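Since the structure comes first, as structure tokens, the remarks are kept for the end.
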Amino acid sequence: MIIKTRGIVLKVTDYADSSVVTQIFTEELGLQSYIINGAKKPKAKIHINMLQPLHLLEMVAYVKENNGLQHIKEARQTPVFRQIPLDIVKSSLALFLNEVLYKVLKHQQPDSHLFHFIQESILWLDQTQQPVSNFHLCFLMKLSKYLGYLPTLTSEKMPYFDLAEGIFTKNLPAHTYVLQEPHTTLFYEILRSSYDESHSFQMKHEDRIYLLRQIINFYRLHTENFGTVNSLEILEEIFH
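Anchor point for the sequence shown: position 23 equals 23 in our numbering, and the numbering is continuous, going up by one each time.
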């Protein structure tokens, strides 16, 4: 069977001399593994340059049941990124988001709403002229909605956020996975902000690092085999 689908490139692994295996999150089929023969050759029909982190593709793919490695008949990058490949901050954010997405999407079934959210978020990052220093924090918390563990905002502000339970609370939990003031208020702002608003609330560099590490802990607590995020240190340097 042949289908048309949109895809988001997540990972590329070398395969033989000039070929690669790429993991692509597709709109129709979820996360799929494709072997692309000759991708490193100069005149390749599907060149490895098209398979950079988070690149958006329109694809025509073969679908074979019970076959781990699939094949792509045609693919084109659309739209082509304008800023992400050229802007060190945006390209570093893309690498970070790419690493997190690969970890969480391994567990997901096909979901067109999730696909659309990720695609629109990537396009916003590529096209915006606004500061993006808080974008990744907002993205991770918006993504958690589609993964099933978005925290509920309460009308009354609570002094603590329990990362393990995923709730705001008046009482200090008996474990260490907790946000306290002033980070609870900053976290609340992240949860309620749109991407366009995310630059409007200010935070110190050390607070941003702390919150990002705690949000990663939040993901680790709620995602099986989440592991470590290797690109975290790069972000900490970029936003210093």
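Just so it is clear, CB atoms sit at the ideal spot from N, CA and C, and this is done for glycine as well.
No experiment lies behind these values; they were computed from the predicted model shown.
Open item on the list: Going by beta-carbon coordinates alone, are Leu-191 and Met-141 separated by less than 8 angstroms?
Closed with: Closer than 8 angstroms, so yes.
Task: Gly-148 burial status per 10 Å Cβ neighbour count (16 or more: buried) - done: Taking all protein chains shown into account, Gly-148 has fewer than 16 neighbouring C-beta atoms within 10 Å of its C-beta and is therefore exposed.
- [ ] For Arg-76, count neighbouring Cβ atoms within 10 angstroms of its own Cβ and tell me buried if that reaches 16, exposed if not.
- [x] The residue in question, Arg-76, is exposed, as its Cβ has fewer than 16 Cβ neighbours within 10 Å.
- [ ] Could you check the C-alpha separation between Ser-144 and Leu-137 for me, to the nearest Å?
- [x] About 11 angstroms.
Open item on the list: Quick check: the Cα distance between Asn-230 and Tyr-195, rounded to an integer number of angstroms?
Closed with: Spanning the two alpha carbons is a distance of roughly 25 angstroms.
Task: Paired residues, beta bridge with Asp-14 - DSSP - done: Partner(s): Val-20.
TODO: Could you tell me whether the region 102-110 touches the region 20-37, using the rule of 3 or more Cβ pairs below 8 angstroms?
DONE: Enough Cβ pairs lie closer than 8 angstroms, so yes.
Task: Reduced DSSP secondary structure (H/G/I, E/B, other) of Phe-226 - done: Of the three classes helix, strand and coil, the one that applies to Phe-226 here is coil, per DSSP.
Open item on the list: Suppose contacts are defined by Cβ-Cβ distances below 8 angstroms. Is Val-9 in contact with Leu-69 by that definition?
Closed with: Their beta carbons are not under 8 angstroms apart, which means Val-9 does not touch Leu-69 by this criterion.
Open item on the list: Beta-carbon within less than 8 angstroms of Ser-200's beta-carbon, same chain only, minus the 5 sequence neighbours each way: which residues are those?
Closed with: So the list reads Ser-193, once near-sequence residues are dropped.
Task: Of the residues Asn-49, Glu-65, Pro-42 and Lys-40, the one placed nearest Ser-33, counting alpha carbons only - done: Among Asn-49, Glu-65, Pro-42 and Lys-40, the Cα nearest to that of Ser-33 is on Glu-65.
- [ ] Work out the CA separation of Leu-186 and Thr-169 for me, nearest whole Å.
- [x] For Thr-169 and Leu-186, the distance between alpha carbons rounds to 15 angstroms.
TODO: Tell whether a beta-carbon distance below 8 angstroms holds between Ile-167 and Pro-182.
DONE: No; because the gap between Cβ atoms is not below 8 angstroms, this pair is not in contact.
TODO: Could you please give the first and the last residue of the uninterrupted alpha helix (DSSP H) stretch that includes Glu-58?
DONE: Segment 56-62 is the beta strand (DSSP E) holding Glu-58; no alpha helix (DSSP H) there.
Open item on the list: Can you look up Glu-74 in the DSSP assignment and give me helix, strand or coil?
Closed with: Correct three-state label for Glu-74: strand.
- [ ] Would you kindly work out how many angstroms separate the C-alpha atoms of Leu-153 and Ser-19, rounded to a whole number?
- [x] Between the C-alpha atoms of Leu-153 and Ser-19 there is a straight-line separation of about 48 angstroms.
Task: Residues bridged to Phe-168 (per DSSP) - done: Note: Phe-168 sits in a beta bridge opposite Phe-161.
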